[in-house]
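These notes concern the structure reproduced below.
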Amino acid sequence: MGDTVFLIYMSAPVIFFIYSIVSYKKKFIIYTIKDKNMKVVNDAYYSLQLSFCIINSILVALGIFIIYNSKKPTSIVFYYLAIFWILNYLLKFMAIKKNYIRIDCE
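With numbering that gives the first Met the number 0 as the guide, the letters of the sequence shown map in order to residues 0 to 105.
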């Protein structure tokens, strides 16, 4: 039973990694920071987004492995959400700073 649960937990970062590669090729924004007024100014944003997605997938997979082996599987959800949102806002900050995206105020 334990191995099945571990595989289910580990499927999330793998699926997210595959989804990030597809989104990179199709050039669409996958993070939830997308505002209605957000415009991609430079296509380098998609490479930056892919890099953050890869880092996100690796950190989540490592975290799941460590937390699951410490016998506290309920904290996996909190760890996943924390990593996702921290990287999400860091991506937005870096993309605005490098002028890859622009948020128009109306």
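We treat Cβ as the ideally placed atom computed from N, Cα and C, and that holds for glycine.
Tell me the rounded alpha-carbon separation between residue i and residue j.
i, j, result
"Phe92", "Ile14", "25 Å"
"Phe77", "Cys104", "33 Å"
"Asp42", "Tyr99", "7 Å"
"Thr3", "Ile82", "24 Å"
"Ala60", "Phe16", "11 Å"
"Lys38", "Ser69", "43 Å"
"Thr73", "Tyr79", "11 Å"
Among the residues of its own chain, which have a CB less than 7 Å from the CB of residue i, if the five just before and after it don't count?
i, result
"Tyr8", "Ile63, Tyr67 and Ile75"
Give the secondary structure of residue i by DSSP, where H, G and I count as helix, E and B as strand, and everything else as coil.
i, result
"Val40", "coil"
"Ile82", "helix"
Can you tell which of the options has the C-alpha that lies nearest to the C-alpha of residue i?
i, options, result
"Phe27", "Gln48, Ile85 and Lys70", "Gln48"
"Val21", "Ser46, Thr73, Lys70 and Ser10", "Ser46"
Give me, in chain order, the residues of the same chain whose beta-carbon lies closer than 6 Å to that of residue i; leave out the 5 immediate sequence neighbours on both sides.
i, result
"Trp84", "none"
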